[in-house]
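In the working numbering, the protein residues as written are -6 to 221.
Built from N, CA and C at the ideal position, the CB exists for glycine as well.
Quick caveat, the model's predicted, so the values are computed rather than measured.
Below is one structure; the comments refer to it alone.
Here it is, written out as structure tokens:
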């Protein structure tokens, strides 16, 4: 599917087509291009912030009986990497993605971390170009419609929230996540992260994104704590 076809199919009243092309441009494609073009990282930053706000607002109003902890857990389930990558596929964003040759051959179009990124960058571009109302239309087609059927995402586990709740049950401390290393090429990095409480390392994990590495570090910490 071409980018223009997608925007027309979704009835998006776009003004800046270039902004959306940037939203779907992976760093591997930008690096291989002979012309100076931007990848999606800045728009991903914007989209992440937009999602946090509008998803929070939606569930806050929809579930007035939920305490803060339940709202935080629900939001986390909706906007984590595994969820957003599925929503990206639902919209067909994986078919619009601009990838470098090597990244394409290595399966980048199906990589969860990249799919999550382009969902966020697309939301960032949509917000900047069209505003809140158009963003909400997309969220209703993807995130909001899954609020009540999260049980279908049984493979998704929020280890970070579980670890934080366990730590706070004994003491009001916070778990921090410390980046240990980032290796590999820019288009296929591997991050190593440690889950830390007051300089005590509870667990370590690695992943193709910082978010995934943090979840794996929290999972490692929970496993170690369960053995004690």
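Continuous alpha helix (DSSP H) stretch holding residue i: start and end
i           : result
residue 247 : Summary: the structure shown does not reach residue 247, with the chain confined to residues -6 through 221, and so no result is reported for it.
residue 104 : Element bounds for residue 104: n/a, residue is neither H nor E.
residue 131 : 125 to 134
residue -2  : -4 to 2
Short Cβ contact (7 Å threshold) for residue i with residue j
i           : j           : result
residue 100 : residue 25  : no
residue 156 : residue 211 : yes
residue 81  : residue 12  : no
residue 219 : residue 195 : no
residue 87  : residue 102 : yes
residue 109 : residue 74  : yes
residue 114 : residue 37  : yes
residue 48  : residue 71  : yes
residue 20  : residue 206 : no
residue 116 : residue 43  : yes
residue 33  : residue 91  : no
residue 15  : residue 27  : no
residue 89  : residue -1  : yes
residue 69  : residue 151 : yes
residue 106 : residue 175 : no
residue 112 : residue 77  : yes
residue 190 : residue 168 : yes
residue 208 : residue 153 : yes
Opposing strand residues paired with residue i [DSSP bridges]
i           : result
residue 184 : 175, 200
residue 18  : 91
residue 194 : 189
residue 9   : Note: residue 9 sits in no beta bridge, so no partner.
residue 170 : 188
Residue i: CB within 6 Å of a non-hydrogen atom of the ligand HEM
i           : result
residue 129 : The ligand HEM is not part of the structure shown, which contains no ligands of any sort.
Does the region 184 to 194 come within contact of the region 123 to 130, defined as at least 3 CB pairs closer than 8 Å?
no
Mind pulling the alpha helix (DSSP H) runs of 4 or more residues that sit fully within the region 22 to 82?
34 to 55, 61 to 72
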